[in-house]
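Visitor: Residue numbers (the numbering used here), protein chains in the order written: chain W, 1282 to 1628; chain S, 14 to 201. We put the CB at the ideal spot given by N, CA and C, even for glycine. Everything numeric in this text was worked out from a predicted model, so none of it was measured. Dropping a structure here in structure tokens format, bear with me for questions.
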Amino acid sequence: MNLNSFKAILIAISVMGCITVSGIHPVSAGFYQNKVITIIIPFGPGGGYHLYSSKLAKHIKQYIPDNPPIVLQFMPGAGGLKGANYFNSVAPKGGTHIALLSQTAALFQRLNSGKKGYRYDASKFNYIGRLVSMDAAHMFFKSLPSRDLGVLKGKKAGTVIACTAGKAAQGYINAKALSVASGLKLKILTGYQGSRRQNLAMQQGECNYQPGAWNSWKARLGDWIEKKWVVPVALTAPTRHPDLPNVPTIVELAKTPELKRIMSFIAGYAAVGRAFSTPPGTPKDRVKTLRIAFNKTVKDKAFLAEAKRHNMLLGPETGDYVQKVVENIIGAPDDLVQATRKMLGYK
Amino acid sequence: MDQKFVKKSLIFCAVLLISFAAHPQNSLAGDVELVIGTGNIKGNLFAAGNAISIASALNGKGFKIYNYGTKGGKDNIKRVTKKKKSINLGMVTSNDLSKAKAKQIKKLRGLMSLGTLKGKQILLIVRNKAPKKVGKDAYQSAISSVVKLLNSSNAQKRIKSAWAGYAPKAASDIFKNVGVKLHTSAMQ
């Protein structure tokens, strides 16, 4: 080996060593210097979206080059639609803006394609990762004569009453899906805004069934579950939940292949869950940097400890996984979308 | 072997290590999170709220301000005085305050005037009660730091670029006229 090649090797080793020791990130180094990352939340403060974003913001910055500070921005309106439209069209695309959009953004976009108001394409967002899936549990209240779907099917129509926010809400879609998949003759009441209002309605005897995210049930009303005031009878999810191995999914409950297709399409939104994304057109290297940072954060001991302290359930998945789930929802064939709309009673 | 070269490489590594050690790392200690209710997401006040939020992230110590697009002054008063899921700071006009209920007025305090928009003076109000899991002293100190930040030249420059009418000043007379008590850290 001559002296020049030995020098070249020594330079390479020095540079690599210095990079490793000093923690300089090779991707996009310098871009986040003196910049602030904004996480857009299409809902108000104080809920699950705030909690998950705030904790991720606190821990992810150490894995992003230059450790940029992160702030949250709340943009509620139209069930998350306002925030999603803003994120798609107005938010800067350089890699300084991230959003935690509604898990139903893709499903609602596909169900309402061609309709006014949806100015985004969920499949064009760059997903950086998911913290937890949002499988919906169909919870039956203690006031029902039975919590067995087989027994309830034999009872007269209207024995099981669901309270939901409105026809375009997740609760309504879930209740309708359970009714069609299981053959249960449900009565669905609308106009109950928010889960607190719906819980109160159950206690007051106005209804006896409420579909909602399993994670949220566990975090908010774990005592109701322990006392068996509410029992999950089915799940809106592509697969069974590890917490509930004996509870079937609506896909399993569906009898015909056509119905199974519809239920799988609806259940897709649960797999999107609490997913973070960047707007369309974000440079690929910055998306990569954020994905790496996200994947490191979900393994970070301090983050995991804090999540436990705040009763945050986690079921992380990579950005690639979420991207595929969303692309499947958006790429659903027209006949499937029409059949789903018909089932939901949409015009 | 070129001894000078090895020496230079080692010095280079040492300088890098020292500069890394001297670089301030963002601590994981929790900042007090404050939410400011501004206005419609297409309006000037929302843009100003973003600038305030960014200024708090870059120059604030021990606190962070998050921007919340609301329906305006009336909505901000409602949210600042709400029992659950409340916000901490709100942009309002004196007209909004004069229409507020006595019960609501009791729960808020006046901080300062932020500037003018369409001929109306925009005031900053603050929730009296500290958020959950935040000590009373920590909350008071965070609010005091917010007032200092909003008066700092760095923040003023940033906020003015989003809202030309930004001109922070005391508004004790306006608050007194509408029956709003001043916060202990209010601009006098």
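Using a Cβ-Cβ distance under 7 Å, would W/Gly1493 count as near chain S?
Guide: The residue given as residue 1493 of chain W occupies position 212 in the first sequence. So, not an interface residue.
Visitor: Got a sec: which bits of the region 1357–1377 of chain W sit with their beta carbon under 9 Å from any beta carbon on chain S, in order along the chain?
Guide: Taking 9 Å as the Cβ-Cβ cut-off against chain S, the residues of the region 1357–1377 of chain W that qualify are Pro1357, Gly1358, Lys1363, Gly1364, Tyr1367 and Val1371.
Visitor: Only counting runs of 3 or more residues, tell me where the beta strand (DSSP E) segments fall wholly within the region 1331–1408 of chain W, in order along the chain.
Guide: Those beta strand (DSSP E) runs which fall completely within the region 1331–1408 of chain W and span 3+ residues are 1351–1355 and 1378–1381.
Visitor: For S/Val48, decide whether its Cβ has a neighbour in chain W, counting only Cβ atoms nearer than 7 Å.
Guide: The residue labelled residue 48 of chain S in the question sits at position 35 within the second sequence. Yes, S/Val48 lies at the interface with chain W (some Cβ there is under 7 Å from its Cβ).
Visitor: Taking Cβ-Cβ distances shorter than 9 Å, what residues in chain W pair up with S/Ile156?
Guide: To locate residue 156 of chain S, count along the second sequence from 1; it is residue 143. Those do not exist, as S/Ile156 stays about 17 Å from chain W at its closest Cβ, beyond 9 Å.
Visitor: To the nearest angstrom, how far is it from the Cα of W/Phe1389 to the Cα of W/Glu1539?
Guide: To locate residue 1389 of chain W, count along the first sequence from 1; it is residue 108. To locate residue 1539 of chain W, count along the first sequence from 1; it is residue 258. Straight-line Cα distance between these residues: approximately 20 Å.
Visitor: Report yes or no: do the region 1444–1455 of chain W and the region 1473–1485 of chain W share at least 3 C-beta pairs separated by less than 8 Å?
Guide: Touching, yes, given that three or more Cβ pairs across the two stretches are closer than 8 Å.
Visitor: Examine chain S for any beta-carbon lying closer than 7 Å to the beta-carbon of W/Leu1571, and answer yes or no.
Guide: Mapped onto the first sequence, residue 1571 of chain W falls at position 290. Closer than 7 Å: no.
Visitor: Any beta carbon of chain W sitting closer than 7 Å to that of S/Tyr179?
Guide: If you number the second sequence from 1, residue 179 of chain S lands on position 166. So no, S/Tyr179 is outside the interface.
Visitor: Tell me whether W/Gly1626 sits in a helix, a strand or coil according to DSSP, three-state version.
Guide: Indexing the first sequence from 1 puts residue 1626 of chain W at position 345. Three-state DSSP puts W/Gly1626 in coil, outside helix and strand.
Visitor: Write down the C-beta distance between W/Ile1379 and W/Ile1409 rounded to the nearest angstrom, noting that I regard them as a contact closer than 8 Å.
Guide: Position 98 of the first sequence, counted from the start, is the residue given in the question as residue 1379 of chain W. Position 128 of the first sequence, counted from the start, is the residue given in the question as residue 1409 of chain W. With 8 Å as the limit, W/Ile1379 and W/Ile1409 qualify as a contact, their Cβ atoms being about 7 Å apart.
Visitor: Cβ atoms of W/Asn1407 and W/Thr1563: under 7 Å apart, would you say?
Guide: Mapped onto the first sequence, residue 1563 of chain W falls at position 282. Mapped onto the first sequence, residue 1407 of chain W falls at position 126. Yes, these two residues count as a Cβ contact at 7 Å.
Visitor: Is there a C-beta anywhere in chain W that falls below 7 Å from the one on S/Tyr81?
Guide: The count along the second sequence starts at 1 and reaches residue 81 of chain S at position 68. It does; some Cβ of chain W falls within 7 Å.
Visitor: With a threshold of 7 Å between beta carbons, is S/Ala183 in contact with chain W?
Guide: Residue numbering aside, residue 183 of chain S sits at position 170 when the second sequence is read from its first letter. S/Ala183 does not count as touching chain W.
Visitor: List the endpoints of the continuous beta strand (DSSP E) containing W/Leu1540.
Guide: As a position in the first sequence, residue 1540 of chain W is number 259, starting the count at 1. Premise fails: W/Leu1540 lies in the alpha helix (DSSP H), Pro1538 to Val1553, not in any beta strand (DSSP E).
Visitor: Give every residue of the same chain whose Cβ lies closer than 7 Å to the Cβ of S/Ile54, excluding the five residues on either side of it in the sequence, and list them in chain order.
Guide: Numbered from its first residue, the second sequence carries residue 54 of chain S at position 41. The residues are Gly82.
Visitor: Apart from the five residues just before and just after S/Leu137, which ones in its own chain have a Cβ nearer than 7 Å to its Cβ?
Guide: On the second sequence, residue 137 of chain S is found 124 positions in, with the first residue counted as 1. Leu102, Met104, Leu124, Met125 and Leu127.
Visitor: What's the gap between the Cα of S/Gly75 and the Cα of S/Ser157?
Guide: Position 62 of the second sequence holds residue 75 of chain S. Position 144 of the second sequence holds residue 157 of chain S. Spanning the two alpha carbons is a distance of roughly 11 Å.
Visitor: Could you compute how far the alpha carbon of W/Ser1424 sits from the alpha carbon of W/Asn1489?
Guide: As a working mapping, residue 1424 of chain W is identified with position 143 in the first sequence. As a working mapping, residue 1489 of chain W is identified with position 208 in the first sequence. If you take the alpha carbons of W/Ser1424 and W/Asn1489, they lie about 6 Å apart.
Visitor: Between which residues of its own chain and S/Arg92 is the CB-CB distance below 7 Å, once the five residues before and five after are set aside?
Guide: For the purposes of this step, residue 92 of chain S is taken as the residue at position 79 of the second sequence. Correct list, in chain order: Gly50, Thr83, Ser99, Ile100 and Gly103.
Visitor: Alpha carbon to alpha carbon, how far is S/Tyr179 from W/Ile1321?
Guide: Translated into the one-based positions of the second sequence, residue 179 of chain S becomes position 166. Translated into the one-based positions of the first sequence, residue 1321 of chain W becomes position 40. Their Cα atoms are separated by approximately 24 Å.
Visitor: Thinking C-alpha only, which one of W/Met1415, W/Gly1600 and W/Ile1573 is nearest W/Lys1554?
Guide: Stepping through the first sequence from its first residue, residue 1554 of chain W is reached at position 273. It should be noted that the sequence gives Gly, not Lys, for residue 1554 of chain W. Of the listed residues, the one whose Cα sits closest to W/Gly1554 is W/Met1415.
Visitor: Can you confirm whether S/Lys161, when its beta carbon is compared against all beta carbons of chain W, has any partner nearer than 7 Å?
Guide: The residue given as residue 161 of chain S occupies position 148 in the second sequence. Closer than 7 Å: no.
Visitor: Counting only beta-carbon atoms, is W/Pro1350 nearer than 7 Å to chain A?
Guide: Here chain A cannot be found, since the structure's protein chains are W and S.
Visitor: Are there 16 or more other CB atoms within 10 angstroms of the CB of W/Thr1319, so buried, or fewer, so exposed?
Guide: As a position in the first sequence, residue 1319 of chain W is number 38, starting the count at 1. So W/Thr1319 ends up on the buried side.
Visitor: Is any non-hydrogen atom of the ligand HEM found closer than 6 Å to the C-beta of W/Thr1377, if you look at the structure I gave you?
Guide: This structure simply doesn't include the ligand HEM, nor any ligand for that matter.
Visitor: Taking 7 Å as the CB-CB cut-off, is S/Ser66 touching chain W?
Guide: Taking the second sequence and counting its residues from 1, the one referred to as residue 66 of chain S is at position 53. So, interface residue.
Visitor: Is there contact between the region 1419–1435 of chain W and the region 1491–1498 of chain W, where contact requires at least three CB pairs shorter than 8 Å?
Guide: Counting Cβ pairs under 8 Å, three or more are found: they touch.
Visitor: My understanding is that W/Pro1326 touches W/Leu1382, with C-beta atoms under 8 Å, so please give their C-beta distance in whole angstroms.
Guide: Along the first sequence, one-based indexing puts residue 1326 of chain W at 45. Along the first sequence, one-based indexing puts residue 1382 of chain W at 101. So it is not a contact: roughly 16 Å between Cβ atoms.
Visitor: Quick test of the definition: if touching needs 3 or more C-beta pairs under 8 Å, does the region 1431–1444 of chain W touch the region 1520–1527 of chain W?
Guide: The region 1431–1444 of chain W vs the region 1520–1527 of chain W: no contact.
Visitor: Do you know how far the Cα of W/Gly1549 is from the Cα of W/Thr1621?
Guide: Walking along the first sequence from the start, residue 1621 of chain W turns up at place 340. Walking along the first sequence from the start, residue 1549 of chain W turns up at place 268. About 13 Å.
Visitor: Skipping 5 residues on each side, what residues in its chain have a beta carbon closer than 7 Å to that of W/Trp1505?
Guide: The sequence position of residue 1505 of chain W within the first sequence is 224, counting from 1. Around W/Trp1505: Val1511.
Visitor: Starting from S/Asn80, follow its DSSP beta bridges and name the residues at the other end.
Guide: Against the second sequence, residue 80 of chain S aligns to sequence position 67. DSSP lists W/Gln1354 and S/Ile49 as partners of S/Asn80.
Visitor: Below 8 Å on the Cβ atoms is my guess for S/Ser165 versus S/Asn72; work out the distance and round it to an integer in Å.
Guide: Here residue 165 of chain S corresponds to residue number 152 of the second sequence, with the count starting at 1. Here residue 72 of chain S corresponds to residue number 59 of the second sequence, with the count starting at 1. Going by Cβ atoms, the distance from S/Ser165 to S/Asn72 rounds to 7 Å, so yes, they are a contact pair.
Visitor: Can a CB atom of chain S be found closer than 7 Å to the CB of W/Gly1327?
Guide: Reading the first sequence from its first residue, position 46 is the one you call residue 1327 of chain W. By this cut-off, W/Gly1327 is an interface position.
Visitor: Any beta carbon from chain W within less than 7 Å of S/Ala70's own beta carbon?
Guide: Counting from 1 along the second sequence, the entry for residue 70 of chain S is found at position 57. Taking Cβ atoms only, chain W reaches closer than 7 Å to S/Ala70, which makes this a yes.
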